[in-house]
Amino acid sequence: MTRYIFITGGVVSSLGKGIAAASLGAILEARGLKVTMLKLDPYINVDPGTMSPFQHGEVFVTEDGAETDLDLGHYERFVRIKTGKKNNFTTGQVYEEVIRKERRGDYLGGTVQVIPHITNQIKQKIREGAEGADIALVEIGGTVGDIESLPFLEAIRQMGVEEGRENALYMHLTLVPYIAAAGELKTKPTQHSVKELRSIGIQPDVLLCRSEKLLPESERRKIALFTNVEEKAVISAVDLDNIYKIPL
154 MTRYIFITGG VVSSLGKGIA AASLGAILEA RGLKVTMLKL DPYINVDPGT MSPFQHGEVF
214 VTEDGAETDL DLGHYERFVR IKTGKKNNFT TGQVYEEVIR KERRGDYLGG TVQVIPHITN
274 QIKQKIREGA EGADIALVEI GGTVGDIESL PFLEAIRQMG VEEGRENALY MHLTLVPYIA
334 AAGELKTKPT QHSVKELRSI GIQPDVLLCR SEKLLPESER RKIALFTNVE EKAVISAVDL
394 DNIYKIPL
């Protein structure tokens, strides 16, 4: 049975969810587990093939010819897997498939809605992409609070219930900014980001806190207290000069 790790991000974009997910995948693979990785992109484009690389970065072309998000390149460099079209899908693809089903009459004349039809399609695609793996790491693109991300977050919330809490884990990546003038790390953005996530029914199990400096124990305790996360699960992710040092 496949177990799932869902990775979300908060506070700001471009925090490095893809690298964090790939690093975790490398660690799990080193433990002898069969790992697969999925990237879910909330934009309405069908794929990034026609998107400007100045807006979204490079397009990673998989072995089966799919034009996908650049994070799949990180996955392949960190984890011994070959990704394909099932490892990356977008809001555009999900809606396209649901509309095609509606035109075929698959919904028997029912009203097609975001919940349950869109969320069910997202869950189906996650399970198809995760098939055969011990652990599936599922990265949700964008930032918690974005309107575009809501159907994906609702889908992974439902999966946590359906798969059972022993088979699903939520990891949230946040920013803990360092204010040089005050000489302090500020935890308030992380607290608000987790509050936003909890407001839609997801309680993170692990917090990965990106910062310029190592989080002191006092700040880790504070974050744990205000976010309802165990202190040992509040992890300091300090900036490094080489991404391949991250799993170490």
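Residue numbers (the numbering used here): 154 to 401. From the three backbone atoms N, C-alpha and C, an ideal C-beta is built for every residue, glycine too.
In the three-state DSSP reduction, LEU306 falls in the helix class (H, G or I).
Apart from the 5 residues on each side of it in sequence, GLY162 sits with its Cβ closer than 6 Å to the Cβ of LEU168, LYS170, THR296, LEU326 in its chain, given in chain order. Comparing alpha-carbon positions, the option among ARG230, ARG351, THR243, SER371 lying closest to GLU220 turns out to be THR243. Annotated three-state conformation of VAL214 is strand, per DSSP. For the pair ALA183 and PHE231, the CB atoms are not nearer than the 8 Å cut-off. ARG156 and ILE288 have their alpha carbons spaced roughly 5 Å apart. The criterion of a C-beta distance shorter than 8 Å is not satisfied by LEU338 and VAL188.
Residue range 224-231 is occupied by the alpha helix (DSSP H) that includes GLU229. Considering only GLY210, GLU211, ASP259, ILE275, the residue with the shortest C-alpha distance to PRO195 is ILE275.
Distance from the CA atom of ARG280 to the CA atom of ARG257, rounded to whole angstroms, is 23 Å. THR340 counts as buried, since at least 16 other C-beta atoms from the protein chains shown sit within 10 angstroms of its C-beta. Taking the C-beta atoms as reference points, MET324 is found no nearer than 8 Å to VAL347.
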